[in-house]
Structure formats: structure tokens, C-alpha cells
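The block underneath contains the structure these notes are about, expressed in C-alpha cells.
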Amino acid sequence: MSLKVLFVAEKNDTAKEISRIMSNNKYTRREGLSKLNKIYGFSCKMLNNDADITMASVSGHIMTIDFSLEFKSWEKHPPVSLFTAPIEDYCPEDSKPIVNTIVREAKENEMLVLWTDCDREGEYIASEIRHICLIANPSIKIYRARFSEITYASIHTAINQMEMINERLVAAVDCRKELDLRIGAAFTRFLSLRLQKVFPYHFPTNHVVSYGPCQFPTLGFVVDRCKQVEHFVPKKFYKLRTVVERGDTQVNFFWSRGGIQDRTETEQSQRGCNQQSVAIVYRVVSKSKSEPRPLPLNTVELEKKASRKLDMSAKQVMMIAEKLYTQGLISYPRTETNFFPPSFNLVPLVEEQTRAEQWGDTARHILRDSPTPSEGQKSDQAHPPIYPIKHTSSLQGNERKVYEFIARHFLACCHKDAQTSETTVEILVNKESFSASGLIITARNYLDVYPYDEWCDRRIPHFTQGERIQIEGCIEMIECETTPPSYLTEADLIQLMDEHGIGTDATHSDHIERIKMRGYVDVQLDGTLLPSKLGRGLVEGYTKIGHNLANSDLRAELERDLTDICVGKKEKNEVINFMVHRYKQVFTEISSHAILIDESLSNYFGPPKQLRIEYPHERDHYYWDSIKTQPKHLPHKCSYTTPSKQKSSSTRIRHSRMNQHPYIQSTQIPMTAVENDNNLELCYCGIPSILLTVRKAGPNTGKKFYTCNTSSCEYFVWDKTFEVQEGGYFMEKIPTSFSSRRDLVLCHCNYPAKLRTVDKDNLNKGRQFYNCTKQKGNACEFFQWEDDGPTLSIQYFKNNKSISDNPKGIKCKCGRLAKLRTVSKDGFNKGKDFYSCPKPIGGDCRFFKWAHEEQIMISNNLITSQIDTAKLLLCECGQLSKLMTCKEGSNKGRKYYGCPKKNGRWCGFFEWA
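First residue of the sequence shown: 1, per the numbering used here; consecutive thereafter.
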């Protein structure tokens, strides 16, 4: 009876290729519950028995970890509690079809063989699959197949030498995942919540400022190099040179003392040399040198060299390498090893490359001399170096470039060193020595197949020892200057990460990609990396506190501990407990001195906001200090404040509708306004704003407004925000028509509205509109079509009306007694009474009702109109529809209501009158 065996690979492509190899291309395929993961079936010999194989696959990790439901919410617990909060394993939604497929197939089989990648992450994924299968079938037998390439020999060796899962590798990954979650989540919540409060204009609600234990040390390298460049002070130095003509060739002889900083001494030597007309050749030395071929390729060298030579990011290179691996074209691309063991048979691999048109001759030459690869000293005890398995000529674009690099590198390391002959000539002028050198490549060897190392001849004419050369008056002084170090490239950054133990060879490119995606660094046109304002400000803030989270020491220590877990020197819980204690100490220190982070970021985002933030559950021992900055002058009202209704001798401003998280309480910090100083209106940057005048034709022509003097922020206020007119009418202006430089629409919360696009299938599909940026439940009902243009929302009302003026007990949408007000705007409705919500503007429910049902106010713009019909209809734009008459056709003369806008902008509303 045949064995029923379930194979599970880490990727669908791997599963397909293994099935093809083991079945001699005679396999079946059927659909799984996941559209991307097929199920393959075939029969083969296994453990000296016939076996019916079902080959399934996953797509990386099928399980993940997170905090328990109580701690997932940011409302209930402070970030520091995440260091000890309970953690749960669960299956994410997108993995459930894959898991259900594995469960279904495990029930039908008696043996499980795991074909995941042979590294730490692959071992952990294998343990996840094992866990799922044991739940479905507790009696199933489980084995681990280990392989480094997807070839016939490697696959059959793996099936005949199956092992158990390495529990130490699983423990190391489990340790790393838990620490990354705890540390990352604690600092991410701390940073995000604080910056949302301190710099609300730049970091609005729900803006996440992410922290990663590997990402910040990576960012630290970029910031450090940037500072080295900025603080570099160039120094001048001086050299002497003479040019000797020999036939048609000019040879530059440079001062053997190199460059010195003493100009006077250099000039004295120059004068002494120029008094001589003859130089004597006193030494000619020729020697042979070997230029070493590259070492066998590992992951770090692949990322570094390919990113330098192929004009691709390290992330792109590794993604392509993974694809080539699953296609069976190269060996496993994640390895630290840079030497081939003596038992490794290289001949078949070199023979495969003889089919290549471009480097086939070099491969045949290597075979004649037998391949003898260069040897490094690194090994991960799991995989050999990266090498090509099969030749292919069907690849295109970047895939072809990466495969060609790997193939050429493999042949170069199997070839011989290049041979050169270097000649050095030294001459004496007035006892000062000058030298020149030349280089001739006598045997190119590996250079014939490896164009990524650039060598060329520097030929020098023949000189004879003792020869006298005419140099009359031709010694010149060259003024030079030291140059700063260059900004880091991805290749430089990978080198630093590798040297300092940040991440692993498999994760370097991922960490670099994350700091780019999260806006901590910017990639320049020349490929160099510069820190962003946020990235630099955070690193500088941590440095001020004294616990620099961008320093590599803490993470490097953790990486060493993970290695110790893998080899059995340490236990997982021992490392977790120690690292949690270390990082919690750092967190406590940073949170108690967070004002220093604010000060560093204020150099890039303007002055921080005054606040005190406190956690209700830990008020006695955990809080963020209030920021002690006091403005010298009170700026004009910004979009985050509303006027207090209290009348006093001094105007008071209170913070309202802050984008604050529910469990953070912001104390109201009143600030007494000093007498307005027109010479000092501060913008959001904290610098004096500039007073301008509207030039654009429209309702605001000639009006004056304040805006940022450097265009660095979106500060804008009209010259007179509040006015008190005769009759006791209080007028509040909320400007949404900005200067020609920039338009900003404010919602009823007095926040900048968000521009969105209609995606539903109707007449307005593709049309843009503004509405409130807040989440449902907290958002106001503001709505405005983008093509309606800017408007000026003005509310006019009398303050001396009281609730007793509402004898009918009319209630607003909030359920409160509506307030009777009077229109003061010049027009048809001036003096008319209406009912509206008693709440302050911006927090009201937008209820409106004419006192005598004679007029109507539409939306937030208080559009008033004399209505001579009984039927009032709003179109889909939210405007009063227009009564029209059909001009032709069978309905000629018939009246209907339609959108008042012109063709091209109308919403399509229609109803017969």
C-alpha cells in the first residue's frame, strides 16, 4: 500500500518546481482554497516505498503575534505597559484560505515533509505549518527536508536525509518577533501620540511615527554621515609636481613627501628645486603583482555590488534573486558563506555556463585548468555561496542583469587572479625626491569575464637608473584641499549594518526599504541617502537625552544573543527578560525627558505646542511634562482654536477639537493675549508672518491677510478675524478663500478639509469634493464640491435673544431647544428671525428653521432667497434646485426642477414640478 504524504513548501513556485523534478514533469494540478497556492499531485519512491504525494504551499508566515484585544486599543493603556502585556498567536485573515487548505490535506495524509527555506525564518515557518497540521491530525509524522538549491540531486538528497525541525532556530525567531513587537509598539505609540499633540499641524491624528529596533540604528548611520559632511572643515595642503617629456609621452612626477599643510615650507622647497636644471634617476623598480579575484558570492556582497553596478536598490536585487531561485536558476540567495567546501563539485556548474554566448569561452578555459575557487572565511553552517545552477538566455531586463552578475561572479571566483607588472621611477631634484608609476596588465584572467572590476594600463616610458633628465624651471606647486566624506549609498549602508551586526544578511535590504518608505530618509538623484527632517530630529532628540536609540550597540547585542540561542548558549526567555528590562529602562528615561525630543524637532517643524498629557491609569508616576515655551506675542487665531464666549477684560483662547486620542487628557492652558502688535504676527513656524493683499478678482479683492513669510507652513488669517458691530451683533469669520499661493477649505470643526473623489457609479463619479478628515462618529457634516470654488462662510446673529423667545419649544437635531436669532446680513432676509442649534459654531448640528417659514438657509453658506413656490427641493449638490421649463419636444412648456449649475458641473438632479 502506498504512503500518503503531504509536502508543504514556502512558496507556490518552489512547490511547482519540486513537483516537476520529483515527478519527471508528470504531475497533476488542482485548485486550493487560496487562489495563489495550487495543489500538485504525483507518485514517487520515498523511504523505499511507493508514495502518493500531495504538494501544497504557503506564502511565507501563516501565523502572526499581537497583543491581546485589551491592549490592541490605544485608549486603555499607556505605551510602557506593552513591555509586559500578554501576547497571542493568531492567523491573519489573508492566511486563512491557506491554513484551511493545509488542514484539509493534513487530515488525508499520514506523513508531513516540510520544504521551507533553510534559514531561521524558514525554520519558524516550518514550525507554524507543523502546529496547524498537528491540530488537524495529531498522529501525523513530521519531517524536515533541507536543501540549498532546487535541482534533481539536491532534492533527492534532501528526501533521503530528512531531519527534525531545529527547535533552537525556532526559539531564536520567536524571541526576535516578541521583542520587535514589544519594543516597536511601545516606542511607536509613544512617538505617535506625543507628536500628534506637540506638532498637530505636521502630525495629525492617526499619523503613525514608526519605530523599529533595526530601522533606527540604520537611520542613525545616515544621520551620522550627514553630520560628518556638514561639520567637515576643509584644510589646505600643498604638493609639488614636475612634468617630464619622453618622446610623445608626458610623465607626471609627484613629490614623495606627498602633501603638507605648511605653504612656506613648500615654497622654499619649490624655489630650491627650480634652481636646478637637471634631475637624476636614482631608482627604477619593476615588480609583478597579483590582483585578487572576488570571493564566492554571499548575500551581503550581492546586495552591495549589485546595487553599485546594476543601478538597482538592494530590495529589488533580493526580490529578483528570490525569483531566480524559485525558478531553479540559482542557489539559495540568503547565505553568509563565502567559500566552497572541498567536497563541492564545481565542474558541472562551470560546464553549464559553456553554453553562454558571452562567457562560454571563459568557462571552457576554466575547465581546462580545473576550477579552483578563491576562499573566504565566513560560513553560516547552512548554505554554500550563491552560484548559477542552469544557463538561460530567456531572461529580460533586471532579471537578466542580476542573473548575469551572479554567473559572471561565479566564473570569476573560479578563475585565476589577474597578473600585473608595476614600474616605479624615482628622481632626485636638489635632494628632493619625486616619483611616478605605471601599471601593465600581463594576464587578464578573471578580468575577461568580470567587467565590474575596472582595471586599465597606465603605461610609463623606459627610464634608466643614473640617467640625467632636463627639468629646467618646471617644478610647480599645487594647492589642494581636503574633501568631506561622501553621503552614504545603499551599498555603504549595508556594509555598515554588516560590520555593526544590525539585522542579518536576509533583512538588511528590508530595513533600508522601511526607513525610505516611512519618510526617515530621502534618496537623491545620485543614489545617496539623506535624512529627512523627521528622521534627523528624532535622532538628535534621542542623542540629547543620552539614550540614543539610533545607536547600533543595543541591537547588535540582541543579534549576538539570538546567535547564542541558535547554538544553545542561551535560552529564549533569558534573552527576552533581559532585553525587555534594558529597553524599558531606556523608554522610562526617554519619556521623562521627552521635551528634549520636542526641542530637536522644533528646529525643523517650528515651536512645539503647549500641553500636558497624562494617562488616567498611571497619573501618580507616568506623565509627559508640559512644554514650558511661552510665546512672546499671541498669534492670530489658528485652525486649532476657537474663541471663548466669556467676556472679560482680556481675550482668552482655549484649545478645542484637538485631534487627541481618547485616553489622553489635555489640560486647557489659558493664555492671556497681550495688546496686538501688528509688527509681530507669528505663523505656525514661530516666525513673524507677512501682511499681504488679495489681488485676485473676486469677493475678497483688496482684503488683507497674514501668511507665512517663507511659505514653509499653511498659516493664514484675515487681517481682522473678529469684529464687533453696532447693535450687539457678534460676527465670526472663518476664511476658506486663501491667497493665490494656496487654497485651504475648512470644515465645520475649523480643520482643513480633506479632498476626496467620488468612486460610486453615478453621474458624479470622478468628481472631487471636500469633507471632514475625522473618523466616522467624530466627523462633522461638512460637504463642498471642489469645483464650486472657495467660499466665505459667515454666520451673523444677535447675542441678546434668549430661550424665552422660543415659545413653541422648537428643538434642534441635538434634542436641545433651538435658539432664535436674527439675520443681520444686508439683503432680502435682513431682520428676519430664524431658529438654529444653540451650540457654538463648528460643534452645532446645523439645524435651521425660519421663524415664519418664509425663507430658507442652505448648507453652511447661508444662501438666502425669496421663494414663491410651496415646493423646495435640494439637488444632489446640496443647493436649492431651480424651477425650469421645457423648451421643445413632447413636454414643451412643462415645468421641472433641476440643478442650478451649468452643463459640465451639474449633478444630474431632475424632478417634474
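The C-beta atom is built at its ideal place from N, Cα and C for all residues, glycine as well.
- The beta strand (DSSP E) runs lying completely inside the segment 480 to 555 and spanning 3 residues or more are 521 to 523, 529 to 531, given in chain order.
- Annotation: the continuous alpha helix (DSSP H) that includes V317 extends over 314 to 326.
- Look at D119 here: in three-state DSSP terms it is coil, with no helix or strand label.
- Residue burial annotation: F42 is buried, with at least 16 other C-beta atoms found within 10 angstroms of its C-beta.
- N298 places its beta carbon less than 8 Å from that of T335.
- With a cut-off of 8 Å on Cβ pairs, the segment 511 to 526 is not in contact with the segment 546 to 566, counting fewer than three such pairs.
- Comparing C-alpha distances from K323 to each of I62, G259, R400, R293 shows the shortest one belongs to R400.
- If you draw a straight line from the Cα of K533 to the Cα of L601, it comes to about 8 Å.
- With contacts defined by Cβ atoms closer than 8 Å, D492 and Y446 do not form a contacting pair.
- Under the three-state reduction of DSSP, G41 is assigned to strand.
- Distances from the alpha-carbon of P485 to those of L193, V222, E128 put V222 closest.
- In this structure N700 is buried. Its beta-carbon is surrounded by 16 or more other beta-carbon atoms within 10 angstroms.
- For I87, DSSP records a beta bridge to F67.
- Taken through DSSP and simplified to helix, strand or coil, Y604 comes out as helix.
- Bridge partners of S421 according to DSSP: S288, I440.
- In the structure shown, Q768 adopts extended strand secondary structure according to DSSP, grouped into three states.
- By the CB criterion at 8 Å, G328 and I150 fall inside the cutoff.
- Of all alpha-carbon atoms in K882, R194, E93, L219, the one lying nearest the alpha-carbon of R518 is that of L219.
- Bounds of the beta strand (DSSP E) holding A56 are 49 to 57.
- Unbroken alpha helix (DSSP H) stretches of 4 residues or longer found wholly inside the segment 185 to 238: 215 to 230, given in chain order.
- A contact between stretches requires three or more CB pairs, one per stretch, nearer than 8 Å, and the segment 427 to 436 meets this requirement with the segment 253 to 265.
- Counting the other CB atoms within 10 Å of its CB gives N603 a total below 16, which places it among the exposed residues.
- Out of S286, R283, M318, D311, the CA that lies nearest to the CA of V300 is found in M318.
- Residue range 152 to 160 is occupied by the alpha helix (DSSP H) that includes Y152.
- Exposure of P86 is indicated by the presence of fewer than 16 other C-beta atoms within 10 angstroms of its C-beta.
- Between D510 and K378 the beta-carbon gap is near 21 Å, outside 8 Å, which marks them as no contact.
- Taking M46 as reference, the option from Y143, K819, N137, L134 with the minimal CA-CA separation is Y143.
- Taken atom to atom, the span from the alpha-carbon of Y40 to that of L367 is near 39 Å.
- With respect to P292, A412 sits apart: the two C-beta atoms are not nearer than 8 Å.
- G898 sits in a strand when the DSSP states are folded into three classes.
- The beta carbon of S139 lies closer than 8 Å to those of E110 in the same chain, with the five residues before and after it left out.
- P838 and F847 have their alpha carbons spaced roughly 9 Å apart.
- Comparing C-alpha distances from R408 to each of G397, D361, L439, V425 shows the shortest one belongs to D361.
- Beta-bridge annotation (DSSP): Y387 is not paired with any residue.
- If you compare the alpha carbons of A913, G258, E911, S881 with that of C899, the shortest gap goes to S881.
- With fewer than 16 other Cβ atoms inside 10 Å of its own Cβ, A913 counts as exposed.
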